[in-house]
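Asks: Quick mapping for you: the protein sequence lines, in order, are chains D and B. Under numbering that gives the first Met the number 0, think of the first position of the first sequence as 0, with each following residue one higher. Under numbering that gives the first Met the number 0, think of the first position of the second sequence as 0, with each following residue one higher. We put the CB at the ideal spot given by N, CA and C, even for glycine. Keep in mind the model is a prediction, meaning the values are calculated, not measured.
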Amino acid sequence: MQQRNIALPQLAQRQGRQLAPEFLRNLLKVRLAGVGLLIIAVLVLSAVLADKIAPYTPIAQHAQDQLAPPSSAYLMGTDQAGRDMLSRIIYGAQVSLLVGIIAVGIAVIVGVPLGLISGYYGGKLDDVIMRIMDAVLSIPTIILALAIVAALGPGLVNVMIAIGVTSTPVYARLVRASTLSVRERDYITAAKANGAKAFRIIFIHTWPNVTAPIIVQGSLGMAFAVLAEASLSFLGIGVPPPTPTWGGMLQSGFPYLELAPWLAMFPGLAIFLTVLAFNFVGDALRDVLDPRLGRALGLR
Amino acid sequence: MQQYIIRRVFQMIPVLFIISVVVFGLMHLVPGDPVAFMIGEDAINLENMEEMRRQLGLDKPLPVQYLMWVQRAAQGDLGRSVRSKLPVRDEIARRLPVTLQLAVASILVSVLIGIPVGIIAAVHRNSKLDVIATVLSMSGVAMPSFWQAILLIFLFSLILRWLPVAGYVNIFENPIGGLRAMILPAIVLGTHQAAVLTRQTRSAMLEVMAMEYIATARAKGLAERTVIWMHALKNALLPVVTVLSLQVGRVLGGAVIIETIFAWPGLGRLTVQAIAGHDFQVVQAMVLFAALITLASNLMADILYGWLDPRIRYS
């Protein structure tokens with residue numbers, strides 16, 4: 000999992016105030032961004048309209064059609080219990096997106112204030128916060144997430160918490176780095192001279208100027224969270240059945256690989272395309288929000 | 000240099016302390032009575048449980064328990080596995096060679112693919128080759144390792160029948176069987192890391208290629224091949240070596256999934272089985288062990304960096 004890479008601090012400087020349509024136009028100019036946005040749009044629509052567009056309910060068992068290959072009745076075939084794979088994949092999008100959004104949300108809500116405080120105050124407080132983040136980062140993500148789910152017990156909410164906690168240090172570090180550079184700006188000095196309190200300086204003056212890297216990381220973080228949830232569910236330690244999850248579908252389909260390869264093909268493809276899409280969009284956002292950085296990293 | 004290493008080791012102490020608190024705290028969040036898990040359902044009676052609780056020190060306050068645990072862990076005593084009844088230390092020692100073999104093989108695969116592809120992409124920047132390399136490495140990063148494993152098993156084991164579906168063979172006892180069993184796991188774990196390495200090598204090469212000494216080397220009439228392989232690569236490899244050292248921790252995480260799919264009796268599978276079986280002493284030890292390995296490899300990266308680049312002075 001590559002999501003532990005951290006963008007550089009200077010990101011915030013080129014944020015600018017672009018208008019929404021113009022921003023979208025710039026974003027779409029980046030290679031592959033359109034593909035990513037298209038895939039995400041399809042995903043969101045599937046998740047929201049699942050009960051309208053899914054041909055069957057995801058848990059309906061068609062006893063006479065177990066392990067049926069893809070056909071006009073079941074476009075992606077059926078599993079060992081005779082459940083329609085297409086419907087399960089459509090409903091699986093709900094879990095993947097929900098886990099991704101909540102996990103990234105947790106990481107942002109916890110990590111961003113920590114980074115702001117750490118970067119703004121410096122000194123002992125900074126040391127303590129950053130050493131805690133180092134400690135969390137030093138445990139391999141999947142192992143930490145597994146241990147958290149083991150401690151809290153399996154379930155949708157605990158999976159979200161586990162992935163959120165493991166993602167937190169990335170945001171804290173990112174925001175701290177941006178805050179360090181913003182802190183020295185003239186407008187912060189001016190705010191201080193005006194007698195602004197620390198809270199106001201941090202949340203009114205600093206926070207808006209460190210959002211660009213958070214948006215970029217948020218998109219990459221969605222990719223990571225979707226992959227992490229699928230990994231946990233694949234190991235049988237994530238969201239428990241009968242909730243349809245892509246990782247869980249892969250796990251239960253794996254033993255039938257020779258007999259019914261479609262069981263492993265479609266859920267894997269769904270995970271792959273989703274992760275790819277969020278990575279594409281994250282990279283494109285980085286290019287648009289900070290063209291200098293994209294070039295420095297040789298991404299273009 | 001020596002002083003720097005000593006200082007870095009000392010800096011690790013607060014991080015280690017926090018890790019130990021996190022690990023200890025996490026396992027005490029576990030709902031249910033650990034003693035009940037240990038004794039097993041059939042033998043539960045209150046007297047036994049009280050006795051066992053005293054033996055394990057579970058009747059003492061949490062901070063005391065923590066100190067006892069740290070003291071024992073520092074001496075290498077990580078408790079006993081509930082499942083196998085063996086000391087956790089022995090369980091880890093027994094499975095370490097399996098994971099080590101997977102780690103070495105996969106890092107080899109990632110270097111053999113990642114570095115050459117990264118160089119080619121950088122040298123032919125913005126060409127078709129570069130685009131293909133970029134798309135491949137992005138796909139490699141996005142590809143769930145378990146799905147890649149399943150696809151490769153489907154193709155090479157089930158359709159072509161060239162390689163075994165799963166299973167571990169000791170490579171020292173049976174070199175050919177061991178190698179055959181290792182190919183797919185090493186490729187899956189290795190290509191994933193190779194994707195990261197490709198991007199890193201490419202950007203490091205691009206950065207170096209823009210340097211003046213590269214222009215000088217070209218200006219004095221050196222062959223392009225010499226410029227790339229002798230002048231550029233040497234300097235571009237610096238950040239790559241760092242990424243490579245950092246991979247050690249990632250490989251351990253990846254082993255969790257790979258060993259589960261390919262049924263390798265290594266540390267990753269031990270972790271998953273321990274979690275599924277509520278064997279919390281083992282889980283605790285594995286998280287601690289993984290963190291230690293990661294910290295050690297980070298330290299190694301820093302030291303290597305200074306050793307490879309004399310310009311870096313540790314003061």
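Please confirm if V287 (chain D) has its CB atom under 8 Å from at least one CB of chain B.
Replies: It does not: the Cβ of V287 (chain D) has no partner Cβ on chain B nearer than 8 Å.
Asks: So is R249 (chain B) in contact with chain D if we call contact Cβ pairs under 8 Å?
Replies: R249 (chain B) counts as touching chain D.
Asks: In or out: I5 (chain B) buried (at least 16 other Cβ within 10 Å) or exposed?
Replies: Exposed, because fewer than 16 other Cβ atoms sit within 10 Å of the Cβ of I5 (chain B).
Asks: Leaving out five residues before and five after W178 (chain D) in sequence, what residues of the same chain have Cβ atoms less than 7 Å from its Cβ?
Replies: Per the sequence presented here, residue 178 (chain D) reads as Thr, with Trp not at that position. For T178 (chain D), where only same-chain residues beyond five positions count, the Cβ hits under 7 Å are G114, L115, G118, Y119, T205 and V209.
Asks: Give me whichever residues DSSP pairs with R79 (chain B) in a beta bridge.
Replies: DSSP output for R79 (chain B) lists B:P86 as bridge partner(s).
Asks: DSSP on T340 (chain B), reduced to helix/strand/coil?
Replies: For residue 340 (chain B) there is no data in the structure shown, the boundaries of chain B being 0 and 314.
Asks: My guess is that Q192 (chain B) and I114 (chain B) are in contact by the Cβ rule of under 8 Å, so how many angstroms apart are they, rounded?
Replies: 11 Å between Cβ atoms; not a contact.
Asks: With 7 Å as the limit, tell me which residues of the region 117-134 of chain D have their beta carbon closer than that to any beta carbon of chain B; keep them in chain order.
Replies: Against chain B - using a Cβ distance shorter than 7 Å - the residues of the region 117-134 of chain D are R130, I131, D133 and A134.
Asks: Below 7 Å CB to CB, which residues in the same chain sit around L249 (chain D) once its five sequence neighbours on both sides are set aside?
Replies: Closer than 7 Å at Cβ, skipping near neighbours: F233, A263, P266 and G267.
Asks: Does any residue of chain D have a CB that is nearer than 8 Å to the CB of S126 (chain B)?
Replies: Chain D, which has no Cβ nearer than 8 Å to the Cβ of S126 (chain B), makes this no.
Asks: Could you check the C-alpha separation between V69 (chain D) and V156 (chain D) for me, to the nearest Å?
Replies: A quick correction: the sequence has Pro, not Val, at residue 69 (chain D). So the alpha carbons of these two residues sit roughly 33 Å apart.
Asks: If I follow the unbroken alpha helix (DSSP H) through D278 (chain B), where does it start and stop?
Replies: First-last for D278 (chain B): undefined, no H or E at that position.
Asks: Report yes or no: do three or more beta-carbon pairs, one from the region 143-162 of chain B and one from the region 214-231 of chain B, lie closer than 8 Å?
Replies: Result no; under three Cβ-Cβ pairs closer than 8 Å.
Asks: So, is the C-beta of P300 (chain D) closer than 8 Å to a C-beta in chain B?
Replies: This structure gives no information on residue 300 (chain D), because the portion of chain D shown stretches from 0 to 299.
Asks: Here's the rule I'm using: 16 or more other beta-carbon atoms within 10 Å means buried, otherwise exposed. How should T241 (chain B) be labelled?
Replies: Buried, because 16 or more other Cβ atoms sit within 10 Å of the Cβ of T241 (chain B).
Asks: Got a sec: is the Cβ-Cβ distance from T140 (chain D) to anything in chain B below 8 Å?
Replies: Taking Cβ atoms only, chain B reaches closer than 8 Å to T140 (chain D), which makes this a yes.
Asks: So if DSSP puts D83 (chain D) in a beta bridge, which residue, or which two residues, is it bridged to?
Replies: Paired residues: D:T77.
Asks: Are the Cβ atoms of A229 (chain D) and I162 (chain D) separated by less than 8 Å?
Replies: No, these two residues do not count as a Cβ contact at 8 Å.
Asks: Give a yes or no on whether 8 Å exceeds the smallest Cβ distance from A262 (chain B) to chain D.
Replies: With 8 Å as the cut-off, A262 (chain B) does not count as an interface residue toward chain D.
Asks: Helix, strand or coil for W263 (chain B), going by three-state DSSP, please let me know.
Replies: Of the three classes helix, strand and coil, the one that applies to W263 (chain B) here is coil, per DSSP.
Asks: Among the residues of its own chain, which have a CB less than 6 Å from the CB of M208 (chain B), if the five just before and after it don't count?
Replies: Excluding positions up to five away in sequence, the list reads A231.
Asks: Let me confirm a value: L183 (chain B) is counted as buried when at least 16 other C-beta atoms fall within 10 Å, else exposed. Which label applies?
Replies: With 16 or more Cβ atoms within 10 Å of its Cβ, L183 (chain B) is classed as buried.
Asks: Using a beta-carbon distance below 8 Å, is F23 (chain B) in contact with chain D?
Replies: It does not: the Cβ of F23 (chain B) has no partner Cβ on chain D nearer than 8 Å.
Asks: Once the 5 residues before and after G253 (chain B) are set aside, which same chain residues still bring their CB inside 7 Å of it?
Replies: Contacts found: S144, L188 and H191.
Asks: Anything in the region 9-22 of chain B with a Cβ closer than 7 Å to a Cβ of chain D? List those residues in chain order, please.
Replies: Here the close residues are P13, V14, I17, I18 and V21.
Asks: What residues from chain B crowd round S230 (chain D), counting only those whose CB sits closer than 9 Å?
Replies: Within chain B, the residues near S230 (chain D) are P143, S144, F145, V255 and I256.
Asks: Could you check whether Y55 (chain D) and D64 (chain D) sit closer than 8 Å to each other, using their CB atoms as the reference points?
Replies: For D64 (chain D) and Y55 (chain D), no; Cβs fall outside 8 Å.
Asks: Since F279 (chain D) and A32 (chain D) should fall inside the 8 Å C-beta cutoff, what is the C-beta to C-beta distance between them, to a whole number of angstroms?
Replies: About 6 Å; that satisfies the 8 Å criterion.
Asks: Please return the same chain residues whose Cβ sits closer than 6 Å to the Cβ of A148 (chain B), not counting the five positions on each side in sequence.
Replies: Cβ within range, chain order: V187 and I260.
Asks: With DSSP run on the structure shown, which of helix, strand or coil describes D282 (chain D)?
Replies: Here D282 (chain D) sits in helix by DSSP.
Asks: Within the same chain, show all residues whose beta-carbon is closer than 8 Å to that of M26 (chain B), passing over the 5 residues directly before and after it, in chain order.
Replies: Excluding sequence neighbours, M26 (chain B) sits near F279, V282 and Q283.
Asks: By Cβ distance, which residues of its chain are closer than 7 Å to V286 (chain B), with the 5 residues on each side in sequence left out?
Replies: Answer for V286 (chain B): V22, listed in chain order.
Asks: Helix, strand or coil: which one does DSSP assign to D58 (chain B)?
Replies: In the structure shown, D58 (chain B) sits in coil (DSSP, three-state: anything other than H, G, I, E or B).
Asks: Does any C-beta atom of chain D lie closer than 8 Å to the C-beta of A300 (chain B)?
Replies: False, the Cβ-Cβ gap to chain D never drops below 8 Å.
Asks: Going by the CB atoms, is the gap between V158 (chain D) and G237 (chain D) shorter than 8 Å?
Replies: For G237 (chain D) and V158 (chain D), yes; Cβs fall inside 8 Å.
Asks: Any beta-carbon of chain B closer than 8 Å to the one on P212 (chain D)?
Replies: No, P212 (chain D) lies away from the interface with chain B (no Cβ there is under 8 Å from its Cβ).
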